[in-house]
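For reference, the structure discussed in these notes is given below.
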Amino acid sequence: MANEAGTYDGRLRDLEAEAFRTGRTLADHSEELAAIREQQRTAFGNIDSLANAIGAPGDRPIAQRLDSIERVLFALARAQGIDPDAV
């Protein structure tokens with residue numbers, strides 16, 4: 002009987018430890034997702050700023066404006082050592 006109680010207590014401790022690790026992992030993932038969302042907001046804000054800096058709506062066709070933005074983004078990526086064609 003004592004052996005069964007010891008086994009039960011050990012199993013319970015293992016389950017509690019696993020639940021704690023899982024909770025910690027989920028918290029870590031939540032923090033990472035929040036950081037990614039913030040990076041996306043910043044990136045989209047930067048793209049909007051670039052679009053506004055390149056020209057006001059009606060100045061040039063949107064395709065030309067987007068091409069200009071793409072060239073700027075590719076140049077920025079290359080300046081940081083990133084090959085945009087490989088991504």
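Per our numbering, numbering through the sequence shown is continuous, rising by one, with the last residue being 88.
Cβ coordinates follow ideal geometry from the N, Cα and C atoms, glycine included.
Cβ distance (whole Å) where residue i is taken to contact residue j below 8 angstroms
| i | j | result |
| --- | --- | --- |
| I48 | I70 | 7 angstroms |
Residue i versus the options, residue with shortest Cα-Cα distance
| i | options | result |
| --- | --- | --- |
| D68 | E19, L51 and A80 | L51 |
Reduced DSSP category for residue i - H, G, I as helix; E, B as strand; rest coil
| i | result |
| --- | --- |
| I83 | coil |
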